[in-house]
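Peer 1:
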Amino acid sequence: MSDSVSKIKLTSNKPIYIDNDPQDELFTLNLGPTHPATHGVFQNVLQVDGERIVSGVSTIGYIHRAFEKIAERRAYYQITTLTDRLNYCSSPINNMGWHMTVEKLLEIELPKRVQYMRVIIMELSRIADHIICNGILGVDTGTFAGFIPMMVKREFIYEIFEEICGARLTTNIGRIGGFERDFNEVAFAKIRQFVKEFPAVLKEFEALLDRNRIFIDRTSGVAAVDPETALSYSWSGPILRATGVDYDVRANEPYSSYEEFDFEVPVGTNGDVYDRFLVRNHEMWQSLRIIEQALAKIEKEPKGVFHADVPDFYLPPKEQVYNNMEALIYHFKIVMGEIDAPKKELYHSVEGANGELGFYLISDGGRSPYRLHFRRPSFINYQMYAPMSSGMLLSDAIINMSSLNVIAGELDA
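Position one of the sequence shown corresponds to residue 1 (full-length UniProt numbering), numbered consecutively onward.
Right, here's the structure in full:
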């Protein structure tokens with residue numbers, strides 16, 4: 001920064017320079033759309049004085065795929081593959097959220113065992129997403145050591161998904177009304193193995209960074225946001241809870257029987273990068289608690305139940321399709337999207353890894369949505385990035401972006 005700039009006062013919009021030298025010149029810096037530190041395809045056009053950001057403009061839309069318009073021409077079950085490509089770091093949560101929205105439209109009640117199975121998948125997805133965010137935050141602040149063992153466990157979560165549905169990243173997991181098949185014994189064994197082994201890795205990760213002087217100096221007090229400002233920007237998820245607001249959709253608007261589980265909602269105090277890191281770490285511990293409880297609850301339910309009785313929207317088994325005319329007719333009608341849905345307008349949300357993931361659906365009684373809007377937490381949370389970067393050092397702006405965990409696929413629908 002120029003020697004003539006003696007002090008910066010931060011306001012809600014931009015910094016005010018005192019003792020400003022008229023000879024000073026700002027330069028334009030493109031942070032993105034392909035910069036490795038952005039961790040996604042989005043751009044910030046920054047005005048920079050030395051290493052300090054004076055102002056910036058965020059540019060999005062680089063991977064806009066018109067999902068909401070595509071959904072208006074697709075049968076309800078075909079939209080699941082679109083949700084995969086929102087937050088692809090935890091796509092099963094997107095899948096489950098969409099299925100619950102359609103089930104709300106159709107007034108389908110799921111068996112308890114199916115709801116518990118969904119809870120396990122969603123909490124594994126949350127852990128996988130937080131591993132990425134906090135692991136990368138460590139890398140961006142200078143340590144690669146904690147990232148590797150955590151990524152090994154994320155890989156193991158993908159192995160569990162692969163065992164259940166055959167896919168890893170864009171999972172297309174589950175169906176309207178439940179799952180396409182029951183969890184086999186290998187899947188349950190791997191889930192129990194993960195619950196047993198992951199705590200040691202998470203403890204090691206926390207021991208490396210939680211009280212690390214360098215890490216604390218780099219993150220504590222950086223990009224601090226107060227609760228009022230966070231709420232005014234409609235923040236949700238870990239970054240909102242880091243400001244001290246204890247809002248979690250699982251607790252405030254329970255779904256999939258979350259009201260039956262004993263878990264805590266971690267909250268921070270300062271709303272800075274360090275608090276966001278701590279909140280996500282604590283949420284991983286809570287997810288483990290929830291998974292353990294779900295496994296215990298499944299043991300008490302009748303075995304072999306993995307979907308509701310909804311023949312109009314759930315594909316019959318292949319052997320029945322080949323040998324039974326009624327099953328063949330249902331199979332054809334479902335695949336071709338020839339079953340009308342009720343006329344209704346509704347909103348359903350789930351607690352995604354980045355915040356409240358919502359689906360606003362209008363059905364006019366046809367075979368596809370009349371209108372569908374995704375409430376994408378990354379899109380809403382990212383609004384504040386440019387204003388809050390004003391007056392910040394470029395190096396701090398990088399880790400601020402990491403702590404927001406902006407996923408490009410969720411930013412652009």
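Note that beta-carbon positions come from the ideal geometry of N, C-alpha and C, so glycine has one too.
Within 10 angstroms of the Cβ of G166, are there 16 or more other Cβ atoms? Answer buried if so, exposed if not.
Peer 2: Numbered from 1 along the sequence shown, position 166 holds the residue referred to as residue 166. G166 comes out exposed.
Peer 1: With C-beta atoms as the reference, is residue 481 less than 8 Å away from F67?
Peer 2: Outside the shown range of the chain, which is 1 to 413, sits residue 481, and nothing can be said about it.
Peer 1: What's the C-alpha gap between D262 and E292?
Peer 2: Indexing the sequence shown from 1 puts residue 262 at position 262. Indexing the sequence shown from 1 puts residue 292 at position 292. If you take the alpha carbons of D262 and E292, they lie about 11 Å apart.
Peer 1: Within 10 Å of its beta-carbon, does M122 have 16 or more other beta-carbons around it, so buried, or fewer, so exposed?
Peer 2: In the sequence shown, the residue the question calls residue 122 occupies position 122. Burial call: buried.
Peer 1: Can you look up L411 in the DSSP assignment and give me helix, strand or coil?
Peer 2: Counting from one through the sequence shown, the residue named residue 411 turns up at place 411. The answer is helix: DSSP assigns L411 an H, G or I state.
Peer 1: Between which residues of its own chain and R371 is the CB-CB distance below 6 Å, once the five residues before and five after are set aside?
Peer 2: Within the sequence shown, residue 371 is the residue found at index 371, counting from 1. The answer, listed in chain order, is I362.
Peer 1: Exposed or buried, what is M284 when buried is set at 16 or more other beta-carbons lying within 10 Å of its beta-carbon?
Peer 2: Stepping through the sequence shown from its first residue, residue 284 is reached at position 284. With 16 or more other Cβ atoms within 10 Å, it is buried.
Peer 1: Going by beta-carbon coordinates alone, are G391 and R367 separated by less than 8 Å?
Peer 2: Residue numbering aside, residue 391 sits at position 391 when the sequence shown is read from its first letter. Residue numbering aside, residue 367 sits at position 367 when the sequence shown is read from its first letter. Their beta carbons are not under 8 Å apart, which means G391 does not touch R367 by this criterion.
Peer 1: In whole angstroms, what separates the C-alpha of N381 from that of Y330?
Peer 2: For the purposes of this step, residue 381 is identified with residue 381 of the sequence shown, where counting begins at 1. For the purposes of this step, residue 330 is identified with residue 330 of the sequence shown, where counting begins at 1. When rounded, the distance between both Cα atoms is 42 Å.
Peer 1: Could you check whether the region 238 to 248 touches the region 94 to 108, counting it as contact only if at least three pairs of C-beta atoms, one from each stretch, sit closer than 8 Å?
Peer 2: With a cut-off of 8 Å, the region 94 to 108 and the region 238 to 248 do not count as touching, because too few Cβ pairs lie within range.
Peer 1: Less than 8 Å between the C-beta atoms of A341 and Y76, yes or no?
Peer 2: Numbered from its first residue, the sequence shown carries residue 341 at position 341. Numbered from its first residue, the sequence shown carries residue 76 at position 76. Yes, the Cβ-Cβ distance between A341 and Y76 is below 8 Å.
Peer 1: Using the DSSP secondary-structure output, state which residues sit across from T28 in a beta bridge.
Peer 2: For the purposes of this step, residue 28 is taken as the residue at position 28 of the sequence shown. According to DSSP, which records beta bridges pairwise, T28 is partnered with Q47.
Peer 1: How many angstroms separate the CA atom of R118 from the CA atom of I290?
Peer 2: In the sequence shown, the residue the question calls residue 118 occupies position 118. In the sequence shown, the residue the question calls residue 290 occupies position 290. Going from the Cα of R118 to the Cα of I290 covers about 12 Å.
Peer 1: Quick test of the definition: if touching needs 3 or more C-beta pairs under 8 Å, does the region 31 to 49 touch the region 393 to 404?
Peer 2: Contact holds between the region 31 to 49 and the region 393 to 404, because three or more Cβ pairs, one in each stretch, are under 8 Å apart.
Peer 1: Only counting the same chain, and skipping five residues up and downstream in sequence, which positions put a Cβ closer than 6 Å to that of Q23?
Peer 2: The residue labelled residue 23 in the question sits at position 23 within the sequence shown. Because the pLDDT of Q23 is 47, which lies under 50, any placement of that residue in the model is unreliable, and the question is left without a value.
Peer 1: In chain order, which alpha helix (DSSP H) runs of at least 4 residues are fully inside the region 178 to 247?
Peer 2: 185 to 209, 213 to 219, 227 to 232, 238 to 241
Peer 1: Pair every Cβ in the region 296 to 314 with every Cβ in the region 265 to 281, then say whether three or more of these pairs are closer than 8 Å.
Peer 2: no
Peer 1: Could you tell me if R113 is buried or exposed, where buried requires 16 or more neighbouring beta carbons within 10 angstroms of its beta carbon?
Peer 2: Here residue 113 refers to the residue found at position 113 when the sequence shown is read from its first residue. Counting Cβ neighbours within 10 Å, R113 comes out buried, since at least 16 surround it.
Peer 1: Find out if the Cβ-Cβ distance for the pair G135, G146 is shorter than 8 Å.
Peer 2: The residue labelled residue 135 in the question sits at position 135 within the sequence shown. The residue labelled residue 146 in the question sits at position 146 within the sequence shown. Contact check for G135 against G146 passes: the beta carbons are separated by less than 8 Å.
Peer 1: Going by beta carbon distance, what residues of the same chain come within less than 6 Å of V245, once the five residues before and after it are set aside?
Peer 2: As a first step, residue 245 is located in the sequence shown; it is residue number 245 there, counting from the start. Same-chain partners within the cutoff: P227.
Peer 1: Using only the alpha-carbon positions, how far apart do L137 and V201 sit?
Peer 2: Taking the first residue of the sequence shown as position 1, residue 137 is located at position 137. Taking the first residue of the sequence shown as position 1, residue 201 is located at position 201. So the alpha carbons of these two residues sit roughly 17 Å apart.
Peer 1: Terminal residues of the continuous alpha helix (DSSP H) containing S395?
Peer 2: Numbered from its first residue, the sequence shown carries residue 395 at position 395. Counting along the chain, the alpha helix (DSSP H) containing S395 begins and ends at 394 to 404.
Peer 1: Using only the alpha-carbon positions, how far apart do T80 and N95 sit?
Peer 2: Here residue 80 is taken as the residue at index 80 of the sequence shown, counted from 1. Here residue 95 is taken as the residue at index 95 of the sequence shown, counted from 1. Looking at the two C-alpha atoms, the distance is approximately 6 Å.
Peer 1: I'd like the ranges of any alpha helix (DSSP H) spanning at least 4 consecutive residues and lying wholly in the region 60 to 142.
Peer 2: Counting whole runs of 4 or more residues, the region 60 to 142 contains the alpha helix (DSSP H) stretches 67 to 71, 80 to 84, 91 to 106, 112 to 140.
Peer 1: With a floor of 4 residues, list each alpha helix (DSSP H) that falls wholly inside the region 285 to 362, ordered by position along the chain.
Peer 2: 318 to 323, 325 to 335
Peer 1: Less than 8 Å between the CB atoms is what I'm expecting for I53 and S389, so what's the real figure, rounded?
Peer 2: Locating residue 53 in the sequence shown gives position 53, counting from the first residue. Locating residue 389 in the sequence shown gives position 389, counting from the first residue. That pair is a contact at about 5 Å.
Peer 1: Between T59 and L169, what straight-line distance do the alpha-carbon atoms span, to the nearest angstrom?
Peer 2: Here residue 59 refers to the residue found at position 59 when the sequence shown is read from its first residue. Here residue 169 refers to the residue found at position 169 when the sequence shown is read from its first residue. Cα-Cα distance, rounded: 26 Å.
Peer 1: Near V45, which residues of its chain fall below 7 Å by C-beta distance, leaving aside the five closest residues on each side in sequence?
Peer 2: Along the sequence shown, read from residue 1 onward, the residue named residue 45 stands at position 45. T28, N30, G56, V57, T59, listed in sequence order.
Peer 1: List the endpoints of the continuous beta strand (DSSP E) containing R250.
Peer 2: For the purposes of this step, residue 250 is taken as residue 250 along the sequence shown, with counting starting at 1. Element bounds for R250: not the beta strand (DSSP E) but the alpha helix (DSSP H), 249 to 252.
Peer 1: Return the Cβ separation of I164 and I157 in integer angstroms, given the expectation that the two are a contact with Cβ distance under 8 Å.
Peer 2: For the purposes of this step, residue 164 is taken as the residue at position 164 of the sequence shown. For the purposes of this step, residue 157 is taken as the residue at position 157 of the sequence shown. In fact, because the Cβ distance is near 11 Å, the residues do not count as touching under 8 Å.
Peer 1: Evaluate H64 with the Cβ neighbour count: other Cβ atoms within 10 Å of its Cβ, from every protein chain shown; 16 or more gives buried, anything less gives exposed.
Peer 2: One-based indexing of the sequence shown puts residue 64 at position 64. With fewer than 16 other Cβ atoms within 10 Å, it is exposed.
Peer 1: Would you mind sorting A397 into buried or exposed? The rule is 16 or more other CB atoms within 10 Å of its CB.
Peer 2: In the sequence shown, counting from the first residue as 1, residue 397 sits at position 397. Buried.
Peer 1: Among the candidates L411, E410, V406, S395, whose CA atom is the shortest distance from the CA of residue 414?
Peer 2: One cannot answer for residue 414 here, as it falls past the ends of the chain, which runs 1 to 413.
Peer 1: Using the DSSP secondary-structure output, state which residues sit across from F374 in a beta bridge.
Peer 2: Locating residue 374 in the sequence shown gives position 374, where the first residue counts as 1. Paired residues: F359.
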